[in-house]
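Participant: So that we are looking at the same thing, I have put the structure below in structure tokens.
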Amino acid sequence: MDSDKFFDIKDKKIMIVDDDPLIVKLIEKFFKKKFNFDCTICNSGEACLEELEKNELPDLILLDINMPGLSGYDVCSKIRDDKRMHLVPIIFISAYDKIENKIIGFKLGVDDYLVKPFNMKELEVRAISLLTRIDQLIKLSYKDELTGLYNRRYFSDFMEFQISTHKRQNKPLSLIIFDIDFFKKVNDTYGHLAGDFILQGFAKEIQKFIRKTDLVARIGGEEFVVAFPDTNAESAKSKIEQLRKHIEEMTFDFENEIIKITFSAGVVEFRGIVNDTQSLLDKADVALYEAKKTGRNKIIIASN
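This note's numbering numbers the first residue of the sequence shown as 1092 and each following residue consecutively.
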């Protein structure tokens, strides 16, 4: 059976880490042409780790073992020490074909091992199989079933990394918590199916107003949160203010019923004073409560 028919997978982001330009070019050309994958190239372990720290995580890492500087073993170990990347699949691609090398790799947490020279069809099947399995695992572990957004568990892991990074780099980091005003009234008036429809639609609208580097999650019934790396509180508020106006003006059509909603939000900026996600959420929650208490359909920045 053709793999394209078996696997429904396109537009993934993969990272190729190898100091051999011929190998890199071969792999990049194959996956771009056949699957339209976005390929990031790193010619050293150091470049790989730097790229992982500052940019969006790849869906798959193809990693050579024998490179100048940090070896593939070193890189794999550091990746698996990072909670954000526990589920990012890694395939070692190496000329080392001894069982001892493979055992070391699997003990470090590599997902698969391919010996050079290799057949591109074999690499394709191994890579696509891993991507498909990880997609399913992520949906079960880190995604909210109703909206498809990330859940509280993934958000907590993401924020733990962001707080650590922004403390070290002294960059701004903001968080916004918001929920739909009078959502219970929506459920009581139109039924829970309508409520679910609103939550799904609202989740889609949020994603139109944030960047790829931001993260949105559903952490409660009608409660959502967005993390804004490299963004101060005023800028974060400005972005969500655009969403607030958009939601206020739009309608949700459910089974011939026209439903309108608004939301309230609280904004907090990480300033190095608190060291954990829950403390930030608590501060944002106070601002959210203030927004609701003073009329709803507004966004308030938490006081320092």
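C-beta atoms are modelled at their ideal positions from N, C-alpha and C, and glycine is treated no differently.
Since the model is a prediction, treat every value here as computed from it, not as a measurement.
#1: Is Phe-1300 closer than 8 Å to Phe-1269 when the C-beta atoms are compared?
#2: Buried or exposed, going by whether 16 or more other CB atoms sit within 10 Å of the CB of Ala-1393?
#3: Look up Val-1359 in the DSSP assignment and say whether it is helix, strand or coil.
#4: Got a sec? Which residues, its chain only, sit under 8 Å from Ile-1331 by beta carbon, not counting five neighbours each side?
#5: Apply the 10 Å Cβ neighbour rule to Met-1158 and answer buried if 16 or more other Cβ atoms are within range, or exposed otherwise.
#6: Hey, out of Ile-1184, Ile-1364, Lys-1104 and Leu-1178, whose CA is closest to Leu-1214's CA?
#7: Are the Cβ atoms of Ile-1114 and Leu-1151 separated by less than 8 Å?
#8: Considering only the alpha carbon of each residue, which of Phe-1122, Cys-1139, Ile-1352 and Ala-1285 lies closest to Gly-1160?
#9: Please classify Pro-1112 as buried or exposed, where buried requires at least 16 other C-beta atoms within 10 Å of its C-beta.
#10: Starting from the C-beta of Asp-1102, find all residues in its chain whose C-beta is less than 6 Å away, skip the five residues before and the five after it, and write them out in chain order.
#11: Enumerated in chain order, which unbroken segments of the alpha helix (DSSP H) with a length of 4 residues or greater are wholly contained in the region 1137-1181?
#12: Is Ile-1170 near Ser-1162, with beta carbons less than 8 Å apart?
#13: Would you mind sorting Arg-1259 into buried or exposed? The rule is 16 or more other CB atoms within 10 Å of its CB.
#14: Do Ala-1285 and Thr-1238 count as a contact pair if the criterion is CB distance below 8 Å?
#15: What separation, rounded to the nearest whole angstrom, lies between the Cα atoms of Val-1179 and Lys-1120?
#16: Which residues share a DSSP beta bridge with Tyr-1241?
#17: In this structure, does DSSP put Ile-1364 in helix, strand or coil?
#18: Go ahead and pull the three-state DSSP assignment for Lys-1389.
#19: So, Leu-1221 versus Ile-1182, is the Cβ gap smaller than 8 Å?
#20: Hey, is the region 1340-1348 in contact with the region 1371-1380, meaning 3+ C-beta pairs nearer than 8 Å?
Facilitator: To lay it out plainly:
#1: no
#2: buried
#3: Reduced to three states, the DSSP call for Val-1359 is strand.
#4: Ile-1267, Phe-1269, Phe-1300, Val-1317, Ala-1356, Val-1358 and Ile-1390
#5: buried
#6: Ile-1184
#7: no
#8: Cys-1139
#9: exposed
#10: Asn-1127
#11: Fully enclosed alpha helix (DSSP H) runs of 4 or longer: 1163-1171.
#12: no
#13: In the assembly as shown, Arg-1259 is an exposed residue. Its beta-carbon has fewer than 16 other beta-carbons within 10 Å.
#14: no
#15: 22 Å
#16: Lys-1234 and Ala-1308
#17: coil
#18: coil
#19: yes
#20: no
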